[in-house]
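Worksheet: one structure, shown below.
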Amino acid sequence: MSSWPTELRLSKDRRTLHVAFEDGAHFALPAELLRVESPSAEVQGHHPSQKTIVPGKAEVEILRVEPVGHYAVRLGFDDMHDTGIYAWDYLRDLGEQGEEKMRAYVAALAEKGLSRERRR
């Protein structure tokens, strides 16, 4: 691991997880990105070809941030998804590549005729 987190803070609106690392890097990770890129097998599958594109998460909120040992956190979302364990390196990767991952996600949704908005 290149650096250790020094702060994890959930915004008051529960839509952003702020992560700071000991080397000075800090990121504001949107709940939507964290949810649609969950490291869970439910989202990622067991092979890159099995990754699920999860629609309707533009307004998802983080309800819980729970430590998992000294290496990760488990996030619980308001859509009841809570099986992803976010290792520090994975959070850093999402911070560094989040914009690129969101562009790819939005493109994948469009390709499948899906939306970021929740169906009502």
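Heads up: the sequence shown at position 104 corresponds to 92 in this note's numbering, and the numbers run straight through without jumps. All residues carry an ideal CB built from backbone N, CA and C; glycine is no exception. Computed from a prediction, not measured in an experiment: that's the story for all the values here.
Arg(-3) is classed as exposed because its beta carbon has fewer than 16 other beta carbons within 10 Å across all chains shown. Burial check for Pro36: the Cβ neighbour count within 10 Å stays below 16, so the residue is exposed. In the DSSP assignment, Ala75 falls within the beta strand (DSSP E) that extends over Ile73 to Ala75. Excluding its 5 nearest sequence neighbours in each direction, Glu105 has C-beta neighbours in its own chain below 6 Å: Ala46, listed in chain order. Distance from Val48 to Asp67 at the Cβ level is roughly 6 Å; contact confirmed, criterion being Cβ atoms closer than 8 Å.
Using a 10 angstroms sphere on the CB of Tyr93, the tally of other CB atoms reaches 16 or more, which defines it as buried.
Under DSSP, the beta-bridge partners assigned to Pro55 are Val61.
Val42 is positioned such that its CB atom lies no closer than 8 Å to that of Arg62.
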